[in-house]
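Step one of this worksheet: look at the structure below.
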Amino acid sequence: MTATQTLKPRSRNLPLALLALIVVGLVLGLFTRSLRFDDPFITYRFADNLARGLGFTFNPGAIENALITTAPLYALVLALPAVLRLDIPAVSHALGAGGLIAAACALCVMGWRRGQDSPGFIAGLVCLISPLLWLTVGFETPLFMAAALWAFVCVDARKPALAGLLAGLGVGLRGDGAIVVGLCALFALDFDARRESGRRALLAVIRPAVRLLAVAALIYAPLAIFLITQFGSPIPTTLQAKSAQAASGLTGFYPGTTFPEGALLLIQAYLQQSALFIFIPIVAGLGAYRAAWLSVESARKQGWQWLHRAPFIMPIAWAALHFAGYSVLGVAPYVWYYAPIVPGLAGLIAIGIDWVASTTTHPRWTMQLLTTLAVIPLLIGNLNIIRVLQGATPPDPAEVASKALPETKVDIYERVGRWLNTNTPPGATIGMTELGVMSYYARRPANDFLGLVQPSRSSAIRRGDFVGGLIRTQPDYLALTNFNSLYDANPQEDDWFRAIYTPVATFTDVRFWGSPMTVWQRVAPPITPALTLDASVHDLGQGWQVTGIAVSAREVVTTTPLIVSVRLKAGEPMGNRELRVQPIVVQRGDGLPVRSRVIHTDLFQTGEEAWYDFPIMPYPDARKGAYDISVRWLDGDREVIAGRIKVPLGEVPAKHAQVAPLSGGLGIELLRQPIEGCIGATATVTIYWRGGQALTTDYSAFVHLRDAAGNVIAQHDGQPRNGSYPTSVWSPGEVIPDGHAITIPAGIVPGAYAVVVGLYDPHTGARLPVDESPTRTPDGGVRIGEIALRRCSR
Numbered sequence: 001m002t003a004t005q006t007l008k009p010r011s012r013n014l015p016l017a018l019l020a021l022i023v024v025g026l027v028l029g030l031f032t033r034s035l036r037f038d039d040p041f042i043t044y045r046f047a048d049n050l051a052r053g054l055g056f057t058f059n060p061g062a063i064e065n066a067l068i069t070t071a072p073l074y075a076l077v078l079a080l081p082a083v084l085r086l087d088i089p090a091v092s093h094a095l096g097a098g099g100l101i102a103a104a105c106a107l108c109v110m111g112w113r114r115g116q117d118s119p120g121f122i123a124g125l126v127c128l129i130s131p132l133l134w135l136t137v138g139f140e141t142p143l144f145m146a147a148a149l150w151a152f153v154c155v156d157a158r159k160p161a162l163a164g165l166l167a168g169l170g171v172g173l174r175g176d177g178a179i180v181v182g183l184c185a186l187f188a189l190d191f192d193a194r195r196e197s198g199r200r201a202l203l204a205v206i207r208p209a210v211r212l213l214a215v216a217a218l219i220y221a222p223l224a225i226f227l228i229t230q231f232g233s234p235i236p237t238t239l240q241a242k243s244a245q246a247a248s249g250l251t252g253f254y255p256g257t258t259f260p261e262g263a264l265l266l267i268q269a270y271l272q273q274s275a276l277f278i279f280i281p282i283v284a285g286l287g288a289y290r291a292a293w294l295s296v297e298s299a300r301k302q303g304w305q306w307l308h309r310a311p312f313i314m315p316i317a318w319a320a321l322h323f324a325g326y327s328v329l330g331v332a333p334y335v336w337y338y339a340p341i342v343p344g345l346a347g348l349i350a351i352g353i354d355w356v357a358s359t360t361t362h363p364r365w366t367m368q369l370l371t372t373l374a375v376i377p378l379l380i381g382n383l384n385i386i387r388v389l390q391g392a393t394p395p396d397p398a399e400v401a402s403k404a405l406p407e408t409k410v411d412i413y414e415r416v417g418r419w420l421n422t423n424t425p426p427g428a429t430i431g432m433t434e435l436g437v438m439s440y441y442a443r444r445p446a447n448d449f450l451g452l453v454q455p456s457r458s459s460a461i462r463r464g465d466f467v468g469g470l471i472r473t474q475p476d477y478l479a480l481t482n483f484n485s486l487y488d489a490n491p492q493e494d495d496w497f498r499a500i501y502t503p504v505a506t507f508t509d510v511r512f513w514g515s516p517m518t519v520w521q522r523v524a525p526p527i528t529p530a531l532t533l534d535a536s537v538h539d540l541g542q543g544w545q546v547t548g549i550a551v552s553a554r555e556v557v558t559t560t561p562l563i564v565s566v567r568l569k570a571g572e573p574m575g576n577r578e579l580r581v582q583p584i585v586v587q588r589g590d591g592l593p594v595r596s597r598v599i600h601t602d603l604f605q606t607g608e609e610a611w612y613d614f615p616i617m618p619y620p621d622a623r624k625g626a627y628d629i630s631v632r633w634l635d636g637d638r639e640v641i642a643g644r645i646k647v648p649l650g651e652v653p654a655k656h657a658q659v660a661p662l663s664g665g666l667g668i669e670l671l672r673q674p675i676e677g678c679i680g681a682t683a684t685v686t687i688y689w690r691g692g693q694a695l696t697t698d699y700s701a702f703v704h705l706r707d708a709a710g711n712v713i714a715q716h717d718g719q720p721r722n723g724s725y726p727t728s729v730w731s732p733g734e735v736i737p738d739g740h741a742i743t744i745p746a747g748i749v750p751g752a753y754a755v756v757v758g759l760y761d762p763h764t765g766a767r768l769p770v771d772e773s774p775t776r777t778p779d780g781g782v783r784i785g786e787i788a789l790r791r792c793s794r
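Take a look at the structure:
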């Protein structure tokens, strides 16, 4: 007879215990029927799209078709009631409540199989009424926990195939179900089979585990193949996004909170609800000590068979591995991520209560008292949840107490989503920070600014660049909260933002910290920094470099925002530094408005390059001319000047003007009549250049006054418009007035002199070639007319 076969139940109380758990679960499920969270609606949207024939996807037809639900199998399960036109959130709540009941019943059965009816019931009850678990209803988590715990029961009952089926389904429900599969395989090892010898003994030991793994693989394989076909990988991109969020400091608690710190904050939150909650960690600690002692004793006396004798060993091991795995991976902590720890914790509480009660003279009454002490603070936690669901205002999100209570944002999110569905075109893109509820009810292509929908932005999220998602995508509509609309930024008051977007609807909810919410509609074409001005490497100090400058337009329109994009290459970590960008007038120093952004230099990887966008709203009366892009750390001593844009002169071509060609489409207007000047004085000759093909060289202009023999009697050289409008910024067909002051020598003879002009490279002296024309001079100039010089009286 095997060790497992000797474990017989000592009573027939199991049906009554299970019935009690079912009743308790149904009552709590009824009172929490309005409980909803934002994140599960991402999964609901996958189910809804599939049910409507749009495919298993979040954004049908999107370029980045990402698997952003952590529960693909759950989405497939929900698609069936969606086809039947049942309300997906209501169905999911029912499945969640049923999952928690099933999980509690599994713990109860675990105790019963060990002949420990009371600890089993206590573990099931504590798990079922844990307020933390009811904050997961609507997620896939309760169903996942039920599958995992019943897989443990099947392992204990020596049913590896059934355990493998449940564990395989668990992996489909949540990717971290792989931990459950591994645990089931470990505990499925049949160490009693070592009575045989040699190779046969080894095969006998591992045979149940192999069978379990094979069944789990067969169950999960079709889903994995489907996901690979759809998304290229069965692994949700959510883990990548959440890890990036954690690296940037974004978590479900406070900036920079780690997974272990989140657990401590939850304990603190429950202690604020009731001081009686201190009993939970105390009795769990006693249970941990007792479980460790029993495990050591069993291992000493029975060897590996202790794995099959230690009470609640599998959920306890699951809790430990889950906590360790999430801590090591650095995943951003959220309340529901702690749910798989609760069954193991409930097992420890049951062990602790049973142990303490067994040491007293009245163990039954002691057990009832200790169980009551464990149940009361948990019920208080549930009552607080129900109070919020019935309209009570929860604490401010900055308070620790809020972390153990439901969200109050779902109602306003639903209203916003329904408005978007009714009032926007079917193909309109919607931008929001939190995707779930609003995108589900809007049924429009949706983008978020936290890196879920666009995994390609994960590196930007890791560096704390949240606003970049808005600047780069510029959706047709935005649904933004009044506070922390983009986590660490709120562009709604910026002039560049209001030049692109206009508010079209406002929603309020006094219980929601982000109220009011505003829906914005884009009223201008998208503006993207697609034009690269400079790709050279420029030193910014302390190893940091500017390796690129791009803009949304080379020609600035004063009524349209300009986006300047700077590519940075990481150097030494310097903490949070403010990067200052400003287009400055060439050779003058003043310029367009300054735009600064905080760069989290410590979040860059070594040598990493990244683009940062700086939207600038030009002054309405911005100086006309060329501007250089200035980049520098606000507190630094090095300035990078790279790339050039312009505010066009806006000169209108003169009617009937005759234009002489230069080359490459460039030209110059001929003088319509002779101009006059005084000998011995200064004469101003205004030239009207015409832009042609883009020039990469900033040419200088020469203006000669020549006599009949072609001799130069006076001249002026210099960059057009005194260097404020270099030839490299000229546009095709643009008219550039360019005045040159020429000093006329006193000794020349009055008369008409030819005005000859041209362009040349100031560094080499080489002139810009001039096409053949009647106005071309033999030396490569262009004769544009004459100037009449005379002696003027003083």
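In full-length UniProt numbering, the protein residues as written are 1 to 794. Positions of the beta carbon are idealized from the N, C-alpha and C atoms, including for glycine.
Taking DSSP as the reference, what is the three-state secondary structure of residue i?
i	result
Pro119	helix
Thr532	strand
Val685	strand
Gly780	coil
Met1	In this predicted model, Met1 has a pLDDT of only 31, less than 50, meaning its place in the structure is not dependable enough to derive any value.
Val23	helix
Lys242	helix
Pro455	helix
Ile63	coil
Ala275	helix
Pro9	A caution first: Pro9 carries a pLDDT of 47, below 50, which makes its placement in the model too unreliable to give a value.
His538	strand
Cys678	strand
Gly667	strand
Pro750	coil
Trp336	helix
Asp411	helix
Gly417	helix
Ile744	coil
Taking Cβ to Cβ, would you say residue i is nearer than 9 angstroms to residue j?
i	j	result
Leu579	Ser596	yes
Ala216	Cys184	yes
Glu555	Thr601	no
Thr720	Asp738	Residue 720 is actually Pro in this sequence, not Thr. Contact: yes.
Leu435	Val410	no
Asp707	Tyr753	yes
Leu14	Val83	no
Gly723	Gly692	no
Looking only at C-alpha atoms, which of the options sits nearest to residue i?
i	options	result
Ser445	Ser248, Arg52, Gly61	Note on identity: in this sequence residue 445 is Pro, with Ser being the wrong assignment. Answer by Cα proximity: Gly61.
Gly29	Ala71, Pro142, Phe41, Leu649	Pro142
Arg632	Ile282, Arg567, Gln658, Val586	Arg567
Ile47	Leu67, Thr32, Ser34	According to the sequence displayed, residue 47 carries Ala and not Ile. Residue Leu67 is the option with its Cα nearest to Ala47.
Ala357	Val342, Asp602, Trp419, Pro119	Pro119
Arg511	Gln368, Arg623, Ala392	Ala392
Pro311	Leu531, Gly347, Leu189	Gly347
Arg638	Val557, Ile645, Gln542, Gly664	Gln542
Ser728	Leu759, Phe702, Pro222	Leu759
4-residue-minimum alpha helix (DSSP H) runs that sit fully inside the stretch 75-102, ordered along the chain: none
Stretch pair the stretch 456-465 + the stretch 234-253: three plus CB contacts closer than 8 angstroms: yes
At least 3 beta-carbon pairs within less than 8 angstroms: the stretch 31-41 vs the stretch 434-443: These segments touch.
Given 8 angstroms, three or more beta-carbon pairs between the stretch 323-330 and the stretch 264-282: Result no; under three Cβ-Cβ pairs closer than 8 angstroms.
Minimum length 4: unbroken alpha helix (DSSP H) runs contained in the stretch 141-192: 141-156, 160-173, 178-188
Segment contact, 8 angstroms Cβ cut-off, at least three pairs: the stretch 311-326 with the stretch 107-125: Yes, the stretch 311-326 touches the stretch 107-125.
Cβ pair count under 8 angstroms reaching 3, the stretch 697-710 against the stretch 605-612: no
The stretch 98-112 touching the stretch 49-63, judged by at least three CB pairs closer than 8 angstroms: no
Any 3 or more C-beta pairs closer than 8 angstroms across the stretch 151-167 and the stretch 356-370: no
Touch test, the stretch 168-177 against the stretch 68-79, Cβ-Cβ under 8 angstroms, three pairs minimum: At 8 angstroms Cβ cutoff, the stretches touch.
Any beta strand (DSSP E) of 3 or more consecutive residues that is wholly inside the stretch 548-600: 562-569, 576-585, 595-600
Beta strand (DSSP E) segments (min. 3 residues) lying fully within the stretch 609-637: 609-616, 625-633
Meets three-Cβ-pair contact criterion under 8 angstroms: the stretch 732-748 and the stretch 771-780: no
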